[in-house]
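Participant:
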Amino acid sequence: MTPNPILLLLCILFFRQRTTALQVTPGSSCAAICLDDPEGDVQDPNASSTKPSDIVCNDQEYSTTAGGIKFKNCVECLQESHAMSNAENDVSWYLYNLRYSVDVCLYGFPNATKTISSPCNIDYACRPLKQALETGIVNPGNGTQLDYCTADSDAFSGSQLEDCVQCFRSSSNQFYISNFLTALQAGCRQKPQPGNLLGLSGSLFTQFEVNITDAPQNQTIASDETSHTSMTPGAIVGIAVGAVLLFLGSAGLFWVYHRKQKHL
Numbered sequence: 003m004t005p006n007p008i009l010l011l012l013c014i015l016f017f018r019q020r021t022t023a024l025q026v027t028p029g030s031s032c033a034a035i036c037l038d039d040p041e042g043d044v045q046d047p048n049a050s051s052t053k054p055s056d057i058v059c060n061d062q063e064y065s066t067t068a069g070g071i072k073f074k075n076c077v078e079c080l081q082e083s084h085a086m087s088n089a090e091n092d093v094s095w096y097l098y099n100l101r102y103s104v105d106v107c108l109y110g111f112p113n114a115t116k117t118i119s120s121p122c123n124i125d126y127a128c129r130p131l132k133q134a135l136e137t138g139i140v141n142p143g144n145g146t147q148l149d150y151c152t153a154d155s156d157a158f159s160g161s162q163l164e165d166c167v168q169c170f171r172s173s174s175n176q177f178y179i180s181n182f183l184t185a186l187q188a189g190c191r192q193k194p195q196p197g198n199l200l201g202l203s204g205s206l207f208t209q210f211e212v213n214i215t216d217a218p219q220n221q222t223i224a225s226d227e228t229s230h231t232s233m234t235p236g237a238i239v240g241i242a243v244g245a246v247l248l249f250l251g252s253a254g255l256f257w258v259y260h261r262k263q264k265h266l
């Protein structure tokens with residue numbers, strides 16, 4: 003039986019559109035997790051870019067959807083990576099991807115297609131942080147990655163940040179956003195140099211509050227040729243789970259295609 007070329011093309015386009023990408027330093031070992039195409043050119047600065055379609059907003063999605071699993075594994079890799087190359091470094095992209103996620107989920111950046119229904123986006127909680135958190139988000143550059151800390155008259159350094167964090171800590175399905183905000187606060191306080199890591203008490207993707215700690219001491223600064231960080235077991239498991247989800251989706255589409263062919 004001759005395959006229907008139109009249906010096959012739609013299947014290919016479906017999976018190409020579902021491929022996600024997140025910003026990562028060229029040559030970083032995290033590129034295998036974060037890039038659009040894991041087999042793409044890991045040295046190409048244009049091979050990665052974070053988009054609204056890469057973002058999930060509810061806590062459970064970070065363990066049940068391919069996009070959420072990818073985001074979690076990419077961010078956790080960046081958090082522990084010393085990689086840097088030219089003007090880029092993984093810690094800066096770590097902060098950028100977290101900030102991008104907050105902007106999409108909380109403020110509906112860029113066109114309100116994925117904003118969550120949250121009581122936290124109000125004047126006495128998170129809304130006053132909007133302008134600061136969206137500063138430079140469209141045209142990111144590692145040299146300006148911490149501009150959100152002082153934007154809009156230091157709005158992110160004011161009391162509204164704690165109000166916003168506490169609001170999300172009371173949420174039943176967006177608790178992780180409170181940890182994202184704490185990590186962004188750590189970036190402002192510690193201002194890590196390229197190749198250095200932030201001081202945080204643990205993973206952002208748990209129902210436990212992440213606290214800011216002293217930055218790791220005696221950090222080894224990576225060369226401009228980029229340092230490499232090995233994948234954690236959790237990242238490997240996450241990639242495997244994502245692959246299984248992709249396989250199940252492919253199997254489902256093939257079953258539909260096969261059924262249609264039998265009835266032709």
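According to the working numbering, the stretch in the sequence shown is residues 3 to 266, in order. The beta carbon of each residue, even a glycine, is placed where N, CA and C say it ideally should be.
Under the assumption that PRO54 contacts VAL106 (Cβ atoms under 8 Å), give the Cβ distance between them as a whole number of angstroms.
Facilitator: Sequence index remark: in the sequence shown, residue 54 carries index 52 (1-based). Sequence index remark: in the sequence shown, residue 106 carries index 104 (1-based). Going by Cβ atoms, the distance from PRO54 to VAL106 rounds to 5 Å, so yes, they are a contact pair.
Participant: To the nearest angstrom, report how far apart ALA34 and VAL44 are at their CA atoms.
Facilitator: Translated into the one-based positions of the sequence shown, residue 34 becomes position 32. Translated into the one-based positions of the sequence shown, residue 44 becomes position 42. Rounded to whole angstroms, ALA34 to VAL44 spans 8 Å at the Cα level.
Participant: Excluding the five sequence neighbours on either side, which residues of its own chain have a C-beta within less than 8 Å of the C-beta of GLU63, listed in chain order?
Facilitator: Position 61 of the sequence shown, counted from the start, is the residue given in the question as residue 63. For GLU63, where only same-chain residues beyond five positions count, the Cβ hits under 8 Å are GLY69 and GLY70.
Participant: Thinking C-alpha only, which one of GLY204, LEU200 and SER205 is nearest HIS84?
Facilitator: As a first step, residue 84 must be located in the sequence shown, where it is residue number 82. The residue with the shortest Cα to Cα distance from HIS84 is LEU200.
Participant: Could you check which residue in LEU206, VAL212 and ASN198 has the C-alpha nearest to that of GLN219?
Facilitator: As a working mapping, residue 219 is identified with position 217 in the sequence shown. If we check each option's Cα against that of GLN219, ASN198 comes out closest.
Participant: Using CA atoms only, rank isn't needed, just tell me which of SER173, THR184 and ASN88 is closest to ASP46.
Facilitator: The sequence position of residue 46 within the sequence shown is 44, counting from 1. Comparing Cα positions, the closest option is ASN88.
Participant: When you compare the region 205-212 with the region 172-190, are there three or more beta-carbon pairs, one atom per stretch, that lie closer than 8 Å?
Facilitator: These segments touch.
Participant: Helix or strand or just coil, what does DSSP make of SER87?
Facilitator: Sequence index remark: in the sequence shown, residue 87 carries index 85 (1-based). Residue state, collapsed to three classes: strand.
Participant: Within its chain, find whatever has a CB closer than 8 Å to the CB of THR52; leave out the 5 residues flanking it on each side and keep chain order.
Facilitator: Numbered from its first residue, the sequence shown carries residue 52 at position 50. Excluding sequence neighbours, THR52 sits near ALA23, LEU24, GLN25, TYR98, ASN99 and TYR102.
Participant: Considering only residues of the same chain and omitting the five flanking positions on each side of ILE241, which have a CB-CB separation below 6 Å?
Facilitator: Here the question's residue 241 lines up with position 239 in the sequence shown. A caution first: ILE241 carries a pLDDT of 49, below 50, which makes its placement in the model too unreliable to give a value.
Participant: By DSSP, does LEU148 sit in helix, in strand, or in coil?
Facilitator: Here residue 148 refers to the residue found at position 146 of the sequence shown. LEU148: coil per DSSP, three-state reduction.
Participant: Please report the straight-line C-alpha distance between TYR115 and TYR109, rounded to a whole angstrom.
Facilitator: The sequence position of residue 115 within the sequence shown is 113, counting from 1. The sequence position of residue 109 within the sequence shown is 107, counting from 1. Contrary to the premise, residue 115 reads as Thr rather than Tyr in this sequence. The straight-line gap from Cα to Cα measures roughly 10 Å.
Participant: Thinking ASP165 and ALA127 are a contact (beta carbons under 8 Å), I'd like their distance in whole angstroms, please.
Facilitator: Your numbering for residue 165 matches position 163 in the sequence shown. Your numbering for residue 127 matches position 125 in the sequence shown. With 8 Å as the limit, ASP165 and ALA127 qualify as a contact, their Cβ atoms being about 5 Å apart.
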